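Read the structure below first, then the notes.
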Amino acid sequence: MTFFGRNEITVPDQDATRKNPRRLIVIGDALRTVVPGNFSISGFRVVGHAKTALEATELLAIERPDVALVAVQESDDPTENLLSAAGPTQAVAVVAAAQSYNADLAQRALAAGAITFVTSPFTRERLTPALEMAIARHADATELRNTINAVTTRLDDHKLIERAKGVLMFRYRFTEAESFRSIELTAMDRQISLREVAIGIIEHNERLARARSVG
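First residue of the sequence shown: 1, per my numbering; consecutive thereafter.
The following block contains the structure:
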């Protein structure tokens with residue numbers, strides 16, 4: 001079942017007024033005739049079409065778009081594969097496009113990586129906010145992931161440094177302050193991170209422990 005008929009989008013090229021339009025790729029053969037290569041809308045420019053998930057993966061790597069518009073259907077179409085190809089690592093905002101709303105299809109699309117869901121008729125008034133919303137939500141999600149990753153890394157580093165301090169306190173009878181200062185000085189002297197010094201101390205202590213157990 002094909003969701004997208006010809007001439008459903010009738011937006012003239014001159015509507016794209018931005019000097020640097022956002023890069024849009026179209027995924028799914030059903031959209032190829034609806035969104036031609038010279039299609040542009042409110043600051044978006046189509047930089048490529050992909051028919052299959054493999055083509056989509058290759059196109060994403062080459063064009064590095066800001067957003068992907070993905071055709072989804074209730075049947076006869078590998079919806080999850082196409083969406084997964086569009087955003088396997090949340091690298092691009094994804095909008096799922098369907099002829100009509102279906103709760104199960106929308107749920108599948110969102111679970112597979114789409115940020116928002118748009119249905120026919122595919123007019124400027126419907127497409128523009130969907131694309132803009134996807135880019136904005138993707139930016140927020142990316143910022144949140146980066147913050148979580150940074151916090152997680154700091155927590156992991158803190159745990160490693162605490163373990164290394166414990167090793168120095170036990171082995172050399174350092175105080176906690178002396179242990180941390182020793183780690184700091186080593187890091188500055190070798191021009192490496194506190195994490196790297198801590199890992200070195202822990203691994204060295206583990207090697208000594210294994211050598212003693214063998215001996």
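Glycine is no exception: its CB is placed at the ideal position from the N, C-alpha and C atoms. Note that the structure is predicted; figures quoted are calculated from it, not measured.
Query raised in the report: In terms of residues, what are the limits of the beta strand (DSSP E) holding residue 25?
Result: One-based indexing of the sequence shown puts residue 25 at position 25. Where residue 25 is concerned, the enclosing beta strand (DSSP E) stretches over 22-27.
Query raised in the report: Quick one, which of 100, 161, 191 and 131 has its alpha-carbon nearest residue 26's?
Result: Locating residue 26 in the sequence shown gives position 26, counting from the first residue. The residue with the shortest Cα to Cα distance from residue 26 is 131.
**Report entry** Touch test, the region 111-129 against the region 45-53, Cβ-Cβ under 8 Å, three pairs minimum
**Finding:** No: the two stretches stay apart, fewer than three of their Cβ pairs being nearer than 8 Å.
Query raised in the report: Name the DSSP beta bridge partners of residue 144, please?
Result: Residue 144 sits at position 144 when you count from the first residue of the sequence shown. In the DSSP output, where bridge partners are listed per residue, residue 144 has none listed.
Requested in this report: Under 8 Å Cβ to Cβ from residue 210, same chain only, skipping five residues before and after it: list those, please.
Outcome: Position 210 of the sequence shown, counting from 1, holds the residue named residue 210. So no residue of the chain qualifies.
Query - Per-residue DSSP class, three states only, for residue 47 - result: In the sequence shown, residue 47 corresponds to position 47, counting from 1. In the structure shown, residue 47 sits in a strand (DSSP, three-state: E or B).
Report task. Starting from the C-beta of residue 187, find all residues in its chain whose C-beta is less than 7 Å away, skip the five residues before and the five after it, and write them out in chain order. Result -> Here residue 187 is taken as the residue at index 187 of the sequence shown, counted from 1. Closer than 7 Å at the Cβ level, and outside the excluded window around residue 187, lie 193, 194 and 197.
Report task. Flag this pair as touching only if the region 50-62 and the region 95-108 have three or more C-beta atom pairs under 8 Å; answer yes or no. Result -> no
Query - Rounded separation between residue 57 and residue 159 - CA only - result: For this step, residue 57 is matched to residue 57 along the sequence shown. For this step, residue 159 is matched to residue 159 along the sequence shown. Each residue's alpha carbon lies about 38 Å from the other.
Query - Contact set for residue 88: own chain, Cβ-Cβ below 6 Å, skip 5 residues either direction - result: Taking the first residue of the sequence shown as 1, we reach residue 88 at position 88. Unreliable positioning characterises residue 88 in this predicted model, as indicated by a pLDDT of 49, which lies under 50. A coordinate reading is not provided.
Query raised in the report: What's the gap between the Cα of residue 147 and the Cα of residue 133?
Result: Residue mapping note: residue 147 aligns to position 147 of the sequence shown, counting from 1. Residue mapping note: residue 133 aligns to position 133 of the sequence shown, counting from 1. So the two alpha carbons sit approximately 21 Å from each other.
Query raised in the report: Apart from the five residues just before and just after residue 167, which ones in its own chain have a Cβ nearer than 7 Å to its Cβ?
Result: The residue labelled residue 167 in the question sits at position 167 within the sequence shown. Excluding sequence neighbours, residue 167 sits near 201, 202 and 205.
**Report entry** Nearest candidate by alpha-carbon position, reference residue 96, set 150, 51, 124 and 28
**Finding:** Residue mapping note: residue 96 aligns to position 96 of the sequence shown, counting from 1. Checked all of 150, 51, 124 and 28; the closest Cα to residue 96 is 28.
Query raised in the report: Whose C-alpha, out of 73, 121 and 92, is nearest the C-alpha of residue 141?
Result: Start at 1 with the first residue of the sequence shown, and residue 141 comes out as number 141. Closest by alpha carbon: 92.
Query raised in the report: DSSP on residue 175, reduced to helix/strand/coil?
Result: The residue labelled residue 175 in the question sits at position 175 within the sequence shown. DSSP places residue 175 in coil when its eight states are reduced to three.
Requested in this report: Give the C-beta separation of residue 161 and residue 135 to the nearest angstrom, bearing in mind that I take them to be a contact with Cβ-Cβ under 8 Å.
Outcome: Residue numbering aside, residue 161 sits at position 161 when the sequence shown is read from its first letter. Residue numbering aside, residue 135 sits at position 135 when the sequence shown is read from its first letter. 39 Å between Cβ atoms; not a contact.
Requested in this report: Just confirm the distance between the C-beta atoms of residue 124 and residue 118, as a whole number of angstroms; I'd bet it's less than 8 Å.
Outcome: What you label residue 124 is simply residue 124 of the sequence shown in a count that begins at 1. What you label residue 118 is simply residue 118 of the sequence shown in a count that begins at 1. Actually they are not in contact, since the Cβ atoms of residue 124 and residue 118 sit about 12 Å apart, beyond 8 Å.
Requested in this report: Would you list the residues sitting across from residue 69 in a DSSP beta bridge?
Outcome: The residue labelled residue 69 in the question sits at position 69 within the sequence shown. Paired residue(s): 26 and 95.
Query raised in the report: Taking the C-alpha atoms as reference points, what is the distance between residue 154 and residue 191?
Result: Within the sequence shown, numbered from 1, the residue matching residue 154 stands at position 154. Within the sequence shown, numbered from 1, the residue matching residue 191 stands at position 191. Each residue's Cα considered, the two are about 19 Å apart.
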